[in-house]
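Below is one structure, written out as structure tokens; the observations come after it.
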Amino acid sequence: MEDWVGGLWDKLIRRSAYRGYPQAAVSLSSLERTAPLFFHAMGGDPGLTLRTAVGTAHGARRRWLERVAGIGQQVELAWRDGQSLYLPEQIDLYPDPQLNRDLYFWLMALAAQADTASGLGWLERNRQATLHCLQQMPGLAALYRRLVEALLPLRDTPADATARAQEMVIQATLLNPEQALPLPASTRPPQPVLLWLHPSPPVQHAAAKRPGDAPAEGEGESRDSKKRRRYRARRDTPDERKNGMLLVFRAESLFTWDEYVRVNRNTDDDDEDNAAAAEDMDTLTVSHDTQRRASRLKFDLDLPAAAYDDTPLGEGILQPEWDYRRQQLIPAHCRVQPMLPRDALPATLPERLHAEARRLRRQFQALAPERSRRYGENSGPDIDIDRLIRFLAEKRSGHAISEPPLYQAWPPGERSMACLLLADLSLSTESWLGEAGQVIQVIRDSLLLFAEALAATGDPFGLYGFSSLRREEVRFLMLKDFGERHSDLIRGRIQAIRPGYYTRIGAALRQSTQILLQQPVRQRLLLLLSDGKPNDLDHYEGRYGVEDTRQAVLEARRAGLIPFCVTVDHEAGEYLPHLFGRHGYVVVQDARRLPQVLTRLYATLSRPG
Amino acid sequence: MNAPALPSTHIPFYQPVADECAVFEQAWRQQLPILIKGPTGCGKTRFVSHMAAVLGLPLFTVSCHDDLSAADLVGRHLIADGDTRWCDGPLTRAVRSGGICYLDEVVEARKDTTVVLHPLTDDRRILPIERTGEELQAPPGFMLVVSYNPGYQHVLKTLKPSTRQRFVALSFDFPAPAVELAVIQQESGLDAPRAQQLVTLAGQLRRLGGYDLDEAVSTRLLVYCGKLMMSGMSPLTACRVALVEPLSDDPDTLAALQQVVLTQFGA
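Sequence order for the protein chains is A and B. Throughout the first sequence, residue numbering follows this note's numbering, covering 804 to 1412 in sequence. Throughout the second sequence, residue numbering follows this note's numbering, covering 21 to 287 in sequence.
Rendered as structure tokens:
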């Protein structure tokens, strides 16, 4: 009974002490699609990802009721660093939902303008960014005034003189950002200003790498990023002297998980419960540890026993490789091993893709008949009236050519275009792309939707995947051969693909080129779907891999193919122009949009011409 | 494509960005053909009409499409009054009259079309007309100008290198803000503050080109928007119909674009 009353009391006092207006709350997820676009348009770096900010203790004086209820120590403020833009998960500052929504857009505009590296104080930095926003964007000025006018009555007037002086300066700056005022010193930090960016943004060392660290193959971002929760990270350099056998702190001080000591322990993976514990913490210590347990082990586990491996087909095909140092093609250097995915059973399209697939099928069906009509054919069901008139006129004038093509035709089944999609299935595709999930999952979905769309056009197409393990084993996964009909068997194969091994793009491209060249069509499109640079265990990395890939692309182009690369690698701008030419690739910023980009690309590329 | 724009005292407005006018004039004097590359609505066509007027040359513009053949450019026989009559195509007329033949979006034309251009673009400067047995020698005033819009949307449609290497080439892009401001004011008659807001808005929207939008907003659309605003339409509506809706069909993208418009023309 006491517990029950206590619980009720706690709930009641928390609710009455809470300053926000939960009934008017607007969540960041409702702006998920519009927010990135808006931020880019405001001048924000398109490479930044959108994350929810974590609450930080503001240290300002709280109201009496808040202190009694034990709430209000933390505040969620917006900030930006080199990796991400952080915004509160939800805003319920104002009683009007529209104002809360406007505040999101204001914060994004402000974050896009703010110069994080200026070295100015918090107040001055925000004042200048605000001023810049108001001068550049007159529409925002009205919005800002509304936000400020609604904000001022919500702020407390502190009793303490210095705190009050501080508050006066903040209010004056909010009302009139043209005027720079110094912030008076006070023992306590001022009340947080939700219209401004974080005074001391948490430094993100978690994602930043120290020079000399090994690249994180397959490591990706942690699962936490999926929930977009970020912790106030504290960098910790492991002290090599601290050894697991030595107790360097008193056991009774071990109150929380928060207290961190790096212990040199062997590889045992952490409990699931840790995630729950981490949720409750203020600070998460991130240690720079040169060992990576999972990936270290994976290196050896990478090799599946023959019985569990994908089903190899035949002896393999030898492909050459380009050695840029010698500037020549080494013949029969790589063995391409065509394979079928193991455990592939016929499967239907996953439920979650149905709506999108239906939409794409409809679009692509509409695309198909329009472009199969051909004028000026030697035979066909319809007469090309325009050409006939021209011919008759020329005949009368005595300049007619003997056998003019005077028909219109819709050649059945004989399309002008064949498309081969080659997907990168190397281990790096196992990594996480924040919200979008694993790269491999995105690739799977893209392949499924792309196949549905292409099947609707009737264009011949093939789907293949590749990964490699040195030059002896370039694994070439047959998902759908050109001869095969699109069916549940194909869908099953696509869903059975798993990431593994490395990225020897050159050999796989050469193999694809040969397959595509056998198609009796006018235009042959070779689409490469990748998530990063070429690399393999041997010398196939860096310049060598890039040059071999470039050579394979050039060979394909010389053979009359149209190679094109679609990638989710944000750094692709550094090397892809070299490989595919300036107009031969597209970087997809948000992996979730990959299926749409891919299918739209196909629709654009295959327009009549 | 039929009636040539005859040289007149009226010179279409064109705001030079760099030395493109001088380049064009020199190319014309040296009898060299010109290739203009650039995104949609950045002023390629206007530039050519401006130069034709400045140089006092008749202009024959052909908007190329995927069924445009060599015969459409050169000419054809027509039946009239029970007899046949040869009718010159725009290219032939340009050669005969010593004017500018402008092939807009030349990559859209059928592949065989470009072959007829080859003898005109080298030092021979001839146009053989197979069907009448003529071989026209281009007079000094004749100039061939072609344009196209490079970009990944046009990967399948680019000029063959053998064709491209016959032209002096100019790259166009959207003008610098100050130039664009002048263009909008001149073309739509909009006042400076609102024109400035449109230019800033264009800058914001162009940041999305290539990432979130296929193509960036063109100067032409900005001029349309300015004209609508001058006609008394509210800025928000004008921006929606002239800038936001033409750029995308995706509802989320449209919502975001409208939000960007609000930063300039908010209530």
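For glycine and all other residues, C-beta sits at the position ideal for the given N, C-alpha and C.
* Asked: Can you tell me the Cα-Cα spacing of A:Q1140 and B:T183, whole angstroms?
  -> 41 Å
* Do A:T1318 and A:L1223 have their CB atoms nearer than 8 Å? -> First, the residue type needs correcting, since residue 1318 of chain A is Ile and not Thr in the sequence shown. Contact flag set, yes.
* Compare the beta carbon distance of A:S1333 and A:C1368 with 8 Å and say whether it is the shorter of the two. => yes
* Asked: Along chain B, in chain order, which residues have C-beta atoms closer than 7 Å to that of A:T837?
  -> D272, A275, A276, Q279
* Can you name the residues of chain B whose CB is closer than 7 Å to the CB of A:P941? -> Q217, Q284
* Asked: Does the beta carbon of B:P181 sit closer than 8 Å to a beta carbon anywhere in chain A?
  -> no
* Taking only beta-carbon atoms, is B:I99 less than 8 Å away from chain A? -> yes
* To do: Identify which residue in A:N929, A:M1281, A:D899 has its Cα closest to the Cα of A:A912.
  => A:N929
* Asked: For chain A, is any of its Cβ atoms less than 8 Å away from the one on B:M21?
  -> In this prediction, B:M21 scores a pLDDT of 47, lower than 50, which makes its location untrustworthy; the coordinate-derived value is nonetheless stated afterwards. B:M21 does not count as touching chain A.
* Asked: What does B:R227 touch in chain A if you count any residue whose Cβ is under 7 Å from its own?
  -> H843, A844, G846
* Ordered along the chain, which non-local residues of its own chain (more than five positions away) have a Cβ less than 6 Å from that of A:F1167? -> A1256, A1259, T1260
* Any C-beta of chain A sitting closer than 8 Å to the C-beta of B:P59? -> no
* With 8 Å set as the bound, which would you pick, yes or no: does the beta-carbon of B:Q224 sit closer than that to a beta-carbon of chain A? -> yes
* Residue closest to A:T1232, alpha-carbon to alpha-carbon, out of A:G1265, A:F1269, A:D1262, A:R991 -> A:F1269
* Asked: Does DSSP put A:A1259 in a helix, a strand or coil?
  -> helix
* **Min CB distance B:T134 to chain A below 8 Å** => no
* To do: Answer yes if the region 93-109 of chain B comes into contact with the region 60-68 of chain B, meaning at least three C-beta pairs across the two stretches below 8 Å, and no otherwise.
  => no
* Examine chain A for any beta-carbon lying closer than 8 Å to the beta-carbon of B:R151, and answer yes or no. => yes
* Run through DSSP, which three-state label would B:Q157 get? -> strand
* At a CB-CB cut-off below 9 Å, which residues of chain C make contact with A:L1401? -> This model lacks chain C altogether; the protein chains it does include are A and B.
* To do: Please work out which residues of its chain come closer than 7 Å, Cβ to Cβ, to A:P995, disregarding the five sequence neighbours upstream and downstream, and give them in chain order.
  => H861, A863, V878, L880
* Do you know offhand how far A:D813's Cα is from A:G875's? -> 14 Å
* Asked: What residues in its chain sit with their C-beta under 6 Å from that of A:Y1127, if we drop five residues either side in the sequence?
  -> E1350
* To do: Mark A:F924 as exposed unless 16 or more other C-beta atoms lie within 10 angstroms of its C-beta, in which case mark it buried.
  => The amino acid occupying residue 924 of chain A in the given sequence is Gly; Phe does not appear at that position. Burial call: exposed.
* To do: For chain A, find out if any of its Cβ atoms is closer than 8 Å to the Cβ of B:P170; answer yes or no.
  => yes
* Taking A:A953 as the reference, which of A:R1274, A:L978, A:L1312 has the closest Cα? -> A:L978
* **C-beta atoms of B:G229 and B:P197 nearer than 8 Å** => no
* Count the other CB atoms, across all protein chains shown, that sit within 10 Å of the CB of B:D269; report buried if there are 16 or more and exposed otherwise. => exposed
* Asked: If you drop the 5 nearest sequence neighbours on each side, which residues of the same chain put their C-beta closer than 8 Å to that of B:L233?
  -> L225, L267, S268, T273
* Using a beta-carbon distance below 8 Å, is B:R96 in contact with chain A? -> yes
* If you check the beta carbons only, do B:T60 and B:N169 fall under 8 Å apart? -> yes
* Are A:S1249 and A:P1144 touching if we call contact CB-CB under 8 Å? -> no
* Asked: B:G246 and B:I204 look like a contact to me (Cβ under 8 Å); what is the Cβ gap, rounded to whole Å?
  -> 5 Å
* Counting along the chain, where does the beta strand (DSSP E) carrying A:Q1122 start and finish? -> 1120-1126
* To do: Can you pull the chain B residues whose beta carbon is under 9 Å from the beta carbon of A:L946, in chain order?
  => L282, T283, G286, A287
* Asked: Where B:E125 and B:C41 are concerned, what is the direct C-alpha to C-alpha distance, given to the nearest angstrom?
  -> 20 Å
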